[in-house]
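Enquirer:
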Amino acid sequence: MPSKKYFKNLIVDAKIGKALVEMMKLTEDNGQDDLYNDLLLLSSRYKRNEDQLNRGVIDTRDYDLAINRISNTLNEYVEQLEIKEEEETGTTKPATTAVADAAPDRFVALPAEKPKKIKYVEKAFREIEPYSNQGLALIVTATDTETSALHQKMTPLPNEEGLFEVKKDNATYFLGKLGNFVIANVECGSMGSTASMGSIITVSNAISALQPKFVLMVGIAFGVDAFKQNIGDVLVSEHIIPYETQRIGNDQDVWRGTKPEASNTLRDNFKNLRDWEYTLPNGEEASLELCDILSGEKLIDNLSLRDEMIKQFPTAKGGEMEGAGLYAACQSKKVDWILIKSICDFADGNKGSGKKDKQALAIDTALHACLHVFNKKYVFEALGLNALQEA
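The sequence shown begins at 2 in the working numbering and counts up one residue at a time.
(1) Cβ of residue 385 within 8 Å of Cβ of residue 348?
(2) What number of angstroms, rounded off, separates the C-alpha of residue 307 from the C-alpha of residue 174?
(3) Can you list the alpha helix (DSSP H) stretches of 4 or more residues lying completely in the region 297-370, in chain order?
(4) Assuming residue 141 and residue 158 make a contact with CB atoms under 8 Å, what is their CB distance in whole Å?
(5) Closest to residue 72 by CA distance: which of 361, 43, 365 is it?
(6) Is the beta carbon of residue 121 sitting closer than 8 Å to the one on residue 161?
(7) Would you say residue 12 and residue 150 are within 8 Å of each other, going by their C-beta atoms?
(8) I believe residue 267 touches residue 215 by the beta-carbon criterion, under 8 Å. Please report the beta-carbon distance rounded to the nearest angstrom.
(9) Can you tell me whether residue 4 is buried or exposed, with buried defined as 16 or more other CB within 10 angstroms of its CB?
(10) For residue 26, report the span of its alpha helix (DSSP H) as first-last.
(11) Excluding five sequence neighbours on each side, which residues of the same chain lie with their C-beta closer than 6 Å to the C-beta of residue 54?
(12) Could you tell me which residues DSSP puts in a beta bridge with residue 47?
(13) According to DSSP, is residue 171 part of a helix, a strand, or is it coil?
(14) Quick one: any contact between the region 104-115 and the region 322-338, if contact means 3 or more CB pairs under 8 Å?
(15) Could you tell me how far apart the beta carbons of residue 353 and residue 18 are, in whole angstroms, since I believe they sit closer than 8 Å?
(16) Rounding to the nearest angstrom, what Cα-Cα distance links residue 92 and residue 316 in this structure?
(17) Going by other Cβ atoms of all chains shown within 10 Å of its Cβ, with 16 needed for buried, is residue 104 buried or exposed?
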């Protein structure tokens, strides 16, 4: 049985979800019904804040305040746990799960750096049509974290003071340069593919409005092997695996989907980034791998479920929530596409631990790889997109 010190260390390490699950199990075993019910309510609060942050309902400041309140309450509940004195003094070994097989924590956060202030210039949609007619790339993001990081890498178009901000129907588009090319960015209104503002609708509407030469989705994903993969390793879609398409039977579930293949030209561009380098804060080099990527509506943070999915789809090196919608929209519109996402967690129940810092590192490495491609001049000629010629 774990000690109170063990639970307090989990809270200090921001492993709130893990602490809640194990404390609820302990209080249930001890018959501490009132404390169990209190923990159940606190767990609901925690999950609600996680969900609201992921959907962009609350910002990181409000999220951090809420988590601090939850952590303080959880510390008070630790003191109410019924744990024998010999366990509390440490003579009994804490009953952790698979500690001996746990991967070493190699993550180191990026150094704190104040983001540059981005200036936005409002434009009517008709004012950006010349750029659309000349040719541009569409870059899709799914969260505010991803969008903000992308805008930090973008620069204004020639002779302009800031990034263009344009409203069209239910979407906001941002235009500027990434490297040598004109790009438009749109953020999905909700996570996943099938929601009213998910990736299918968002990408489909953006293609109709902007007529891009290709669509690239950039962002964060989960990895599948904390021993072999690093936070910040970049996954480039060879195929997308829409894992939700299944036949549910009495004896077994059978996957009945396809494995759509990303654009040959775009895959080749990223496959041949032979001079790309990114040294992670822990001193290791980030990897860039063309691979199969799982995509579905579930926000996965459960080790057993993750391992079961990898058992079913052994070629997958990671997973996320919007890629299936990206493929569906681009296939319908006959537009080339690719998914570039970097590992921010391992879907093992510890998604909340250091979440903000890990997501910041992941999106930085993914964008660093994208910028390396967009800094070339002739890389997209086969897709009809030329580098912007400045006077």
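Heads up, the beta-carbon is just placed ideally off N, CA and C, and yes, glycines get one too.
Expert: Answer, in terms of the structure:
(1) For the purposes of this step, residue 385 is taken as the residue at position 384 of the sequence shown. For the purposes of this step, residue 348 is taken as the residue at position 347 of the sequence shown. Not a contact, by the Cβ cut-off of 8 Å.
(2) Sequence index remark: in the sequence shown, residue 307 carries index 306 (1-based). Sequence index remark: in the sequence shown, residue 174 carries index 173 (1-based). Looking at the two C-alpha atoms, the distance is approximately 34 Å.
(3) 304-313, 324-334
(4) In the sequence shown, counting from the first residue as 1, residue 141 sits at position 140. In the sequence shown, counting from the first residue as 1, residue 158 sits at position 157. Rounded, the Cβ-Cβ distance is 20 Å, inconsistent with contact.
(5) Mapped onto the sequence shown, residue 72 falls at position 71. The candidate whose alpha carbon is nearest that of residue 72 is 43.
(6) For the purposes of this step, residue 121 is taken as residue 120 along the sequence shown, with counting starting at 1. For the purposes of this step, residue 161 is taken as residue 160 along the sequence shown, with counting starting at 1. Not closer than 8 Å, so no.
(7) Position 11 of the sequence shown, counted from the first residue, corresponds to residue 12. Position 149 of the sequence shown, counted from the first residue, corresponds to residue 150. The answer is no: Cβ separation not under 8 Å.
(8) If you number the sequence shown from 1, residue 267 lands on position 266. If you number the sequence shown from 1, residue 215 lands on position 214. About 6 Å; that satisfies the 8 Å criterion.
(9) Along the sequence shown, one-based indexing puts residue 4 at 3. Flag for residue 4 reads buried.
(10) As a first step, residue 26 is located in the sequence shown; it is residue number 25 there, counting from the start. Looking at the DSSP string, the run of the alpha helix (DSSP H) that includes residue 26 is 17-31.
(11) By 1-based counting over the sequence shown, the position of residue 54 is 53. Once the five neighbours on either side are set aside, the close Cβ partners of residue 54 are 64.
(12) Residue 47 sits at position 46 when you count from the first residue of the sequence shown. Looking at the DSSP assignment, residue 47 forms no beta bridge with any residue, so it has no partner.
(13) Start at 1 with the first residue of the sequence shown, and residue 171 comes out as number 170. Three-state result, residue 171: coil.
(14) Pairwise C-beta distances place the region 104-115 out of contact with the region 322-338, as fewer than three of them are shorter than 8 Å.
(15) Position 352 of the sequence shown, counting from 1, holds the residue named residue 353. Position 17 of the sequence shown, counting from 1, holds the residue named residue 18. Contact flag correct, Cβ pair sits at about 5 Å.
(16) Along the sequence shown, one-based indexing puts residue 92 at 91. Along the sequence shown, one-based indexing puts residue 316 at 315. In this prediction, residue 92 scores a pLDDT of 42, lower than 50, which makes its location untrustworthy; no coordinate-derived value is stated.
(17) The residue given as residue 104 occupies position 103 in the sequence shown. In the assembly as shown, residue 104 is an exposed residue. Its beta-carbon has fewer than 16 other beta-carbons within 10 Å.
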